[in-house]
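A quick write-up on the structure given underneath.
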Amino acid sequence: MENQKMFSMKLSKIYGLLCAKAQRKNRTKEEVDEIIFWLTGYNDESFNSQLLKDVDYKTFFDEAPSINPKIKLIKGSICGCKIDEIQDPLMRKIRCLDKLIDELAKGKPMEKILRK
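First residue of the sequence shown: 0, per numbering that gives the first Met the number 0; consecutive thereafter.
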């Protein structure tokens with residue numbers, strides 16, 4: 000049931016939280032956008048369209064143009080869960096985005112966050 004609650008949260012709310020987390024650590028909204036675009040394949044226009052449509056998190060990921068194949072390189076734990084052990088594909092994508100934003104907030108350089 001907890002997954003369903005997260006899946007139904009509005010993208011606009013989550014995006015605001017992601018940006019706020021990064022900005023508290025002196026990172027920028029543009030860096031958050033770069034991470035989101037890298038992971039999901041959205042660009043500025045298509046992402047803003049999703050925000051304007053006020054989609055939920057599930058729809059945002061379901062309609063993502065292309066999930067980056069380097070998502071498999073994202074390892075570690077987030078919210079007490081090991082990413083490799085998350086069975087639900089949607090929850091795994093959500094937690095990968097969380098992990099990338101955490102790395103940003105912890106000061107990692109973008110090259111490492113984007114697995115370059």
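For glycine and all other residues, C-beta sits at the position ideal for the given N, C-alpha and C.
Being a predicted model, the structure only gives us computed values, none of them experimental.
Helix, strand or coil at residue i [DSSP, three-state]
i            : result
serine 76    : strand
lysine 24    : coil
aspartate 55 : strand
Selected residue, minimal CA-CA separation from residue i, among the options
i          : options                         : result
lysine 9   : Thr27, Ala21 and Val54          : Val54
leucine 72 : Asp87, Arg91 and Leu51          : Arg91
serine 11  : Gln49, Lys111, Ala21 and Ala104 : Gln49
Same chain, Cβ closer than 8 Å to residue i, five either side skipped, listed in chain order
i           : result
lysine 57   : Phe6, Ser7 and Leu89
arginine 94 : Ile77, Cys78, Cys80, Ile82 and Ile85
glycine 75  : Lys81, Ile82 and Lys98
How do the segment 61-70 and the segment 27-44 stand: do at least 3 beta-carbon pairs fall below 8 Å, yes or no? Touching, per the Cβ criterion.
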